[in-house]
Amino acid sequence: MMSKNDEPIVVIEHLTKRYGGFVAVDDLNLTLERGRILGFIGPNGAGKTTTIKVLVGHARPTSGFARINGVDCTREPGKIKKLVGYMPDRFGAYDNMRVREYLDFFGAAFGIPRKVRRKRIEEVMETAGITHMKDLFVESLSHGMQQRVGITRTLLHDPDLLILDEPANGLDPRARIEIRELLLHLAELGKTLIVTSHILPELSRICDEVAIISQGKLRASGTLEQILRQVHQRRIWEVMLTNAEQLPALEHKLRESLESDAEVDVSPAEATVRCQTVADDEKIQRVLHQLVVDQFPVVQFREIQLDLEETFMTVTKGDQAETTQKVETKSETRSAVT
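For the sequence shown, the residue numbers in our numbering are 9 to 346.
#1: Write down every uninterrupted run of the alpha helix (DSSP H) in the segment 54-130 whose length is 4 residues or greater and which is fully enclosed by it, in chain order.
#2: Residues in its own chain within less than 8 Å of K261 by CB, not counting five upstream and five downstream?
#3: Would you kindly check if the distance between the Cβ of P175 and the Cβ of I159 is under 8 Å?
#4: Curious, which full-length beta strand (DSSP E) runs of at least 3 residues does the segment 208-295 contain?
#5: Just how far apart, CA to CA, sit E21 and R161?
#6: Quick check on the DSSP output: the beta strand (DSSP E) that includes V18 runs from which residue to which?
#7: How many Å lie between Q313 and L249 at the Cα?
#8: Out of curiosity, what's the CA-to-CA distance linking E140 and K127?
#9: I need the DSSP call for I138, collapsed to helix, strand or coil.
#10: Our contact map puts E246 next to R294 with C-beta atoms below 8 Å; I'd like the distance itself, whole angstroms only.
#11: I'd like to confirm something about T24: is its beta-carbon nearer than 7 Å to some heavy atom of the ligand ADP, or not?
#12: Which of the three DSSP states is assigned to D302 in this structure?
#13: Going by C-alpha distance, which of T204, L211, A219 is nearest N37?
#14: For T59, collect the residues of the same chain with a Cβ closer than 6 Å to its Cβ; drop the 5 residues on either side in sequence, then sort them by chain order.
#15: Would DSSP call T162 helix, strand or coil?
#16: Please state whether the Cβ-Cβ distance between A54 and S222 is less than 8 Å.
#17: So for Q313, helix, strand or coil by DSSP?
#18: T337: buried (16+ other C-beta within 10 angstroms of its C-beta) or exposed?
#19: Would you check if the segment 316-327 and the segment 207-219 touch, i.e. whether three or more CB-CB distances between them fall below 8 Å?
#20: Looking only at its chain, what residues have a beta carbon closer than 8 Å to the beta carbon of S229, apart from the 5 residues adjacent to it on each side?
#21: Go through its chain and collect everything with a Cβ distance to G152's Cβ below 6 Å, but skip five positions before and after it.
#22: Could you give the first and the last residue of the continuous alpha helix (DSSP H) run that contains L194?
#23: Mapping the DSSP letters down to three states, classify D14 as helix, strand or coil.
#24: What does DSSP give as the partner residues of V4 in its beta bridges?
#25: What residues match up with G47 in a beta bridge as DSSP calls it?
#26: Which term fits G28, buried or exposed, when burial requires 16 or more other beta carbons within 10 angstroms of its beta carbon?
#27: Tell me, to the nearest whole angstrom, how far the beta carbon of T200 is from that of R42; I am working on the premise that it is less than 8 Å.
#28: CA-CA distance, S268 and F99?
#29: Could you check the C-alpha separation between R108 and E189 for me, to the nearest Å?
#30: So G65 packs on K89, CB below 8 Å; how close in whole Å?
#31: By how many angstroms is the C-alpha of M133 removed from the C-alpha of V124?
#32: Please report the Cβ distance between D97 and P209, rounded to the nearest whole angstrom; I am assuming they are in contact, meaning their Cβ atoms lie under 8 Å.
#33: Do you know how far the Cα of E131 is from the Cα of N377?
#34: List the DSSP bridge partners of T39.
#35: Which residue wins for smallest C-alpha separation from H193, given the options G72, T135, R242?
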């Protein structure tokens, strides 16, 4: 029999949320195992915020459900607040309040008894590395420091799951690195995290899994490697020569050696040819060997590693075009009416 700790901490099944005729989330299915960091990404208006609102008990789904630790997010919002530490993308204004006072205020709101609250505040400040700023006014802190304080706040009631909306947004490179290190540290301590961000290269460095949502639908999910393979069924290889003179012959050779629908692109300025192909490693090795036998002056032969940004653009490309078309159609309709 599976114990509770062996079950996914987050289970979303057939989640749909409509606002009138607009479908914000459309039949979403997603699970997240304990101790993992999930990057939850999508274009603006994709359904991320609505999904998060359902998870934290701030919105009721039209159909389907979401559970955290087996607790229904809609039916038991009080329990959900104890299970989740949520940091929205906007920090809020807390004038004339020192960091320790700010944390004490939220500790009281979480129902932490006064007798243990002070010790708990000291513990979470140490965990987040902000003890040195406890007597500083929140409003005087840099944006990066305020984000650290916001993350610290989510730890006060020792939740199982942290949901952080754009924690690195608007930060300089140093502050981003510090936030990244903090999130990885929290994962090492056993916390499960859901993180949204538009800074995809940064997100890919910390996430165990990624879920891409667009127009309310889940377009891809899994580890980054799994998603890359799902989306990019072809691999990209680049051949560089010492000069561009033999590029036409190289292009002909590659088209001859690879499958008929392989894409072969020549770049004379860089003396390179790029191939998008379904060929496996063994086939690629044979092609390279033949290039050497044919005395092509190859100086570099490498696979181009695709990243999360390219994958995201590929997954959402059709959706963005469809959205643009809908907007243009609505504009034309209004013009015709007026």
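Note that beta-carbon positions come from the ideal geometry of N, C-alpha and C, so glycine has one too.
Let me spell this out:
#1: Listed in chain order, they are 56-63, 85-91, 107-117.
#2: Its chain contains Q298, L299, D302, F304 as the residues whose beta carbon lies nearer than 8 Å to that of K261, once the 5 sequence neighbours on both sides are disregarded; these appear in chain order.
#3: Yes, these two residues count as a Cβ contact at 8 Å.
#4: With a minimum length of 3 residues, the continuous beta strand (DSSP E) runs that stay inside the segment 208-295 are 217-222, 225-230, 243-249, 271-275, 280-285.
#5: Cα-Cα distance, rounded: 29 Å.
#6: Per DSSP, the continuous beta strand (DSSP E) segment holding V18 begins and ends at 18-27.
#7: The alpha-carbon of Q313 is positioned some 20 Å away from that of L249.
#8: The sequence shown places His at residue 140, rather than the Glu named in the question. If you take the alpha carbons of H140 and K127, they lie about 16 Å apart.
#9: Three-state result, I138: coil.
#10: Cβ atoms of E246 and R294 stay farther apart than 8 Å, at about 17 Å.
#11: With respect to the ligand ADP, the structure shown offers nothing to examine, as it has no ligands at all.
#12: Here D302 sits in coil by DSSP.
#13: Relative to the Cα of N37, the nearest Cα in the group T204, L211, A219 belongs to A219.
#14: Hits under 6 Å: V33.
#15: The three-state secondary structure of T162, taken from DSSP, is helix.
#16: Yes, Cβ-Cβ distance for A54 and S222 is below 8 Å.
#17: The answer is coil: DSSP assigns Q313 none of H, G, I, E or B.
#18: At T337 the pLDDT is 41, less than 50, meaning the model places this residue with poor confidence; the figure from the coordinates comes in the next sentence. Exposed, because fewer than 16 other Cβ atoms sit within 10 Å of the Cβ of T337.
#19: Look at the beta carbons and you see the segment 207-219 touching the segment 316-327: at least three pairs across the two are nearer than 8 Å.
#20: Its chain contains L38, E217, V218, A219, I220, I235 as the residues whose beta carbon lies nearer than 8 Å to that of S229, once the 5 sequence neighbours on both sides are disregarded; these appear in chain order.
#21: Within the same chain, G152 has close Cβ partners L179, A183.
#22: 181-196 is the span of the alpha helix (DSSP H), which, as asked, contains L194.
#23: Looking at D14 - three-state DSSP - the assignment turns out to be helix.
#24: As displayed, the chain neither begins before 9 nor continues past 346, which places residue 4 out of reach and without an answer.
#25: Beta-bridge pairing links G47 to V203, V218.
#26: That one is exposed.
#27: R42 and T200 do touch by the CB rule: their CB atoms are close to 5 Å apart, below 8 Å.
#28: If you take the alpha carbons of S268 and F99, they lie about 55 Å apart.
#29: If you draw a straight line from the Cα of R108 to the Cα of E189, it comes to about 22 Å.
#30: That belief holds up - the Cβ atoms of G65 and K89 are roughly 7 Å apart, short of 8 Å.
#31: Straight-line Cα distance between these residues: approximately 14 Å.
#32: At roughly 19 Å, the Cβ-Cβ gap does not stay under 8 Å, so D97 and P209 are not in contact.
#33: A question about residue 377 goes unanswered here, because the residues of the chain that appear run from 9 up to 346.
#34: Its beta-bridge partners are V19.
#35: A check of alpha carbon separations from H193 across G72, T135, R242 identifies T135 as the nearest.
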